[in-house]
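Enquirer:
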Amino acid sequence: MAKKRPTRATSHDVARLAGVSQAAVSRAFSAGSSISKDKRERVLKAAHELHYVPNKLASSLSTARSNMVAVIVGNLNNPFYSESLQAFVTGFQESGRQVLAFSVTDAADGDEVVQQAVYYPVDAIVVTAAPLSSKLLKISAGLGIPIVMFNRHLDSNRIAGVHCDNRGAGARIAEAMHSAGAERFLIVRGDPEGSTSRDRVEGFRTYLLARGVPPTGIEEIDGASSYGASRDSLRARFRAGDRPRPDAIYAVSDIMALGCLDALRTDLGLRVPGDVMLAGSDGIRQGRLSAYDLTTIRQPIEQMVATTLQMLESAEDLKNPDMIQVLELPGEFIPGSTVPRPPRDKP
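Here's what the structure looks like:
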């Protein structure tokens, strides 16, 4: 015969033992709630004796808030997404919320993943990597679930969000390479559907064209937003030998740049920056390792996450088209050793 499961203590049991109201028990376990120190201690002591654990899902039914936020991240093989997710988990936990994480892999349909998130009782959805269809926006609006875009944006600005100045990032890398004497440029682009890659490519191109670099001097290849694809794509481009070798390569994310750097040095036997310059964008920790020391643009992840949390504090505003904000924050240029510094920048 199956063993009977022990009865779980309820908030009523805790309230009776502590000599307080059930509402006081609820406040004792709610971050930021008003309750005296004495009452809180009595409640926690009674809860400990009864092995009581608050049922967050049950309490969400009475408050109409689950204190859960869905975070849609890209492939976690890219350290930028794992670093962003860690920052979100820390930030949400400090504010008494929990993260329900979903990953959009290379093979997954972003729209489908985001649609899965709305099946859960989440208070909001943060999207760091996935295109959003008008159908999905309509579904989330109908359910009253606000969406915040992180490090990406929609051209229509119908969705609140915060992102790095990606056009400025591309332009700053182009400036560093152009100032160092590069004349032939190669862009290793990422997801063509994503605003991040598109904006970085546009910023890079626009800067160079404005300074007289001919369109034929700016080439593009696909890096599929991954280390392996970027390494393979760059190696194939150089070994083809049908075009002049570029002086400078801009991979639109650091993980792609690391793949390119290993292709150049290990697979092709070239010196960086002696034979060819290379830079990325994002500022991931791996790029700071002495083996890479990558020139890049560091995204202000902590500031971007904090801004996202502030937006979610005013969740009702996110449902009002007139109150929607799309904020752009500047990145920081990190002068690694993969792009030569002009004489005036050298210590």
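Under the UniProt record's numbering, think of the first position of the sequence shown as 1, with each following residue one higher. Backbone N, C-alpha and C define an ideal beta-carbon position, used for all residues, glycine too.
Can you tell me whether P342 is buried or exposed, with buried defined as 16 or more other CB within 10 angstroms of its CB?
Expert: The residue is exposed, with fewer than 16 neighbouring Cβ atoms inside 10 Å.
Enquirer: Taking 8 Å as the limit between beta carbons, can you name the residues of its chain near T63, skipping five residues before and five after?
Expert: With a pLDDT of only 48 at T63, under the threshold of 50, the placement of this residue in the model should not be trusted, and no figure is reported.
Enquirer: Mapping DSSP to helix, strand and coil, what is G168?
Expert: The answer is helix: DSSP assigns G168 an H, G or I state.
Enquirer: Below 9 Å between beta carbons: does that hold for I145 and S281?
Expert: Going by C-beta atoms, I145 is not nearer than 9 Å to S281.
Enquirer: Grab me the residues of P335's own chain with a C-beta within less than 8 Å of its C-beta, minus the 5 sequence neighbours each way, in chain order.
Expert: Within the same chain, P335 has close Cβ partners A176, T295, R341, D345.
Enquirer: How about V122 and L100: do their beta carbons lie closer than 9 Å?
Expert: Cβ distance < 9 Å, so V122 and L100 count as in contact.
Enquirer: Looking at the structure shown, is residue 410 part of a helix, part of a strand, or coil, going by DSSP?
Expert: Residue coverage of the chain in this structure runs from 1 to 347, which leaves residue 410 outside it and unanswerable.
Enquirer: Out of curiosity, what's the CA-to-CA distance linking H153 and D222?
Expert: One C-alpha to the other measures close to 21 Å.
Enquirer: Might you give, ordered along the chain, the residues of its own chain that have their beta carbon closer than 6 Å to the beta carbon of L61, omitting 5 neighbours on each side?
Expert: Caution applies to L61, whose pLDDT of 44 falls short of 50 and renders its modelled position unreliable; the model cannot decide the point.
Enquirer: Who are the Cβ neighbours of R265 in its own chain at under 8 Å, not counting the five residues just before and after it?
Expert: Hits under 8 Å: R271, V272.
Enquirer: Taking all protein chains shown into account, do 16 or more other C-beta atoms lie within 10 angstroms of the C-beta of R205, making it buried, or fewer, making it exposed?
Expert: Looking at its Cβ environment, which holds 16 or more other Cβ atoms inside 10 Å, R205 is buried.
Enquirer: Does the pairing of the region 162 to 169 with the region 209 to 218 give three or more beta-carbon distances under 8 Å?
Expert: Cβ pair count under 8 Å is below three, so no.
Enquirer: Indicate whether the contact test is met: 3 or more Cβ pairs, each with one atom in the region 230 to 240 and one in the region 194 to 204, closer than 8 Å.
Expert: The answer is no - the region 194 to 204 does not touch the region 230 to 240, with fewer than three Cβ pairs under 8 Å.
Enquirer: Please work out which residues of its chain come closer than 6 Å, Cβ to Cβ, to Y52, disregarding the five sequence neighbours upstream and downstream, and give them in chain order.
Expert: Cβ neighbours of Y52 beyond the five flanking positions: A9, V14.
Enquirer: Can you check DSSP and say which residues form a bridge with M277?
Expert: M277 is bridged to A248.
Enquirer: Less than 9 Å between the C-beta atoms of V113 and I72, yes or no?
Expert: Yes, Cβ-Cβ distance for V113 and I72 is below 9 Å.
Enquirer: Can you tell me which of the three DSSP states G161 falls into?
Expert: G161 falls in the strand class under three-state DSSP.
Enquirer: Which of the three DSSP states, helix, strand or coil, is assigned to A18?
Expert: Looking at A18 - three-state DSSP - the assignment turns out to be helix.
Enquirer: Helix, strand or coil: how does DSSP classify F185 here?
Expert: Residue state, collapsed to three classes: strand.
Enquirer: Near Q116, what residues of its chain come up, given a Cβ to Cβ distance below 8 Å and the 5 sequence neighbours on each side ignored?
Expert: Cβ within range, chain order: F102.
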